[in-house]
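Input: a single structure, listed below in structure tokens.
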Amino acid sequence: MTISLNGQVYVVTGAGRGIGRAIAIALAAAGAAVVVNDLQADIAQSTVDQIIAEGGQAAPAVAAIGTAQAAALCIDTAVTEFGRMDGMVANAGVLRDAILWKATDEDFDLVIHTHLRGAFTCGRAAAQYFRQGGLRGAGQGGVVMLVSSVAGQRGNPGQTAYSAAKAGVAALTRTWSMELSRSGVSVNAIVPTALTRMVATIPGLEDAVQAAERGAPIPERLRHDLGLGTAQDVAPLAVFLASEQGREITGQCIGIGGDRLSLWSHPQEVALCHHAGGWSAQSIARAWTTDLAAQRQSVGIGTKT
Ligand SMILES: NC(=O)c1ccc[n+]([C@@H]2O[C@H](COP(=O)([O-])OP(=O)(O)OC[C@H]3O[C@@H](n4cnc5c(N)ncnc54)[C@H](O)[C@@H]3O)[C@@H](O)[C@H]2O)c1
């Protein structure tokens, strides 16, 4: 089965390097014209150059994602350069890890601004474009891909702002999939794992990232067990979600990395009891022991029970 995105136009934010760059190149290889956003002009241009060298179509949109203006610039570039927009991949992100009691306001704000406000402003601008008539491509549905994280799904020590932002991104996915279903717009979150510069700061992964950057083979334990491969291993999920079959899927958080592909659950009540007239602290204490405790939930990456 060949997936052709010929005639389609995608915006990919944070596409100067890492996963965004791999997604932009893969979408272009499948036939889409791609607007390559990054806050760094040189690396945005280098992705554009590679796409064009491989026979594809691309244009840069240099801006720091997180504001309405940056989101508008990306969509304006798509419409001006290629006449329309079919999909938005809100991928741009930064890490500023610190244990809670050492986390600074500045780092918290930067991470929330880039990931959560970035997803919000890009998703809102895309929704406004997809819902309006008049412009070419508008009113015909569309695709929104957000990028969440295992840290956002499970929690991760040292990642206060990041896990909050990425949990927020999963929440946006659920809410927007409902709000936009009647407009024919699919909204899904990619939950990637990849040996990129972003994870090089995580203790124990620096050597693996350098090896992956050199093109050295990635040990099977990393690829199979931890889902840590290259950024290119993540990109096929974006191409699939842009395809005719993928556009039918909405409201999902889909994990990909190395040799792993997974579907995440959404939170739901796992134990429920009632107490006529409401609960006292004492009756909660009894119910905790009899009904809830057995269902208490684990937290953390790699922890299942
Ligand atoms: N690598 C992983 O294992 C992993 C895991 C979970 C989630 N993610 C998410 O995947 C996305 C891409 O991460 P990556 O690993 O490729 O990181 P990366 O650091 O390799 O690439 C991030 C890119 O985003 C750009 N960027 C940063 N802030 C920006 C802004 N405000 N506006 C525009 N561009 C900006 C950077 O310049 C860079 O090119 C991020 O949202 C990240 O949180 C990555």
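For the sequence shown, the working numbering assigns the number 246 to the initial residue and increments by one for each residue that follows. We put the beta carbon where it would ideally sit given N, CA and C, even for glycine. Nothing here was measured: the structure is a model prediction, and the numbers come from that model.
Just reading off the beta strand (DSSP E) that C518 is part of, what are its end residues? First-last for C518: undefined, no H or E at that position.
Could you tell me which residues DSSP puts in a beta bridge with G500? V436, S507, per the DSSP bridge assignment.
Applying the 10 Å Cβ sphere with the 16-neighbour rule, what's the burial state of T446? exposed
Considering only C-alpha positions, which residue in the set L486, I546, D504, S488 is nearest to T475? D504
Mind the definition here: the region 326–346 touches the region 436–451 only if three or more C-beta pairs lie below 8 Å; say whether that holds. yes
With a 10 Å radius around its C-beta and 16 neighbouring C-beta atoms as the bar for buried, classify D283 as buried or exposed. Buried.
Taking only the alpha-carbon atoms, compute the straight-line gap between T550 and V414 and give it to the nearest angstrom. Confidence in T550 is poor, its pLDDT being 43 and thus under 50, which makes the residue's placement unreliable; the coordinate value appears in the next sentence. One C-alpha to the other measures close to 25 Å.
What I want to know is whether the C-beta of G263 ends up closer than 7 Å to one or more non-hydrogen atoms of ligand 1. yes
Helix, strand or coil: which one does DSSP assign to A539? helix
For a test of the three-state rule: what should DSSP assign to V279, helix, strand or coil? strand
When DSSP labels each residue in this structure, what does V339 get in the three-state scheme? In this structure, V339 counts as coil in the three-state DSSP scheme.
Can at least three beta-carbon pairs, one atom from the region 507–521 and one from the region 474–492, be found at a separation below 8 Å? no
Looking only at DSSP bridge pairs, what is A230 linked to? This structure gives no information on residue 230, because the portion of the chain shown stretches from 246 to 550.
G387, enclosing beta strand (DSSP E) - first and last residue: 387–392
Using the Cα positions of L440 and H358, report the straight-line distance between them to the nearest angstrom. Looking at the two C-alpha atoms, the distance is approximately 24 Å.
Under 8 Å Cβ to Cβ from A396, same chain only, skipping five residues before and after it: list those, please. Q404, Y407, S408, K411, I546
Candidates Q513, R459, A304, G523: which alpha carbon is nearest A273's? A304
Taking the alpha-carbon of R376 as reference, which of A335, T534, W421, A348 has the nearest alpha-carbon? W421
Drop a sphere of 10 angstroms on the beta-carbon of L250, count the other beta-carbons inside from all chains shown, and report buried for 16 or more, exposed for fewer. L250 comes out buried.
Beta strand (DSSP E) containing Q302: first to last residue? It spans 302–307 - the beta strand (DSSP E) in which Q302 sits, taken as one unbroken run.
So, is P437 buried or exposed, given that buried needs 16 or more other C-beta atoms within 10 angstroms? buried
Taking 6 Å as the limit between beta carbons, can you name the residues of its chain near G265, skipping five residues before and five after? V257, G259, N336
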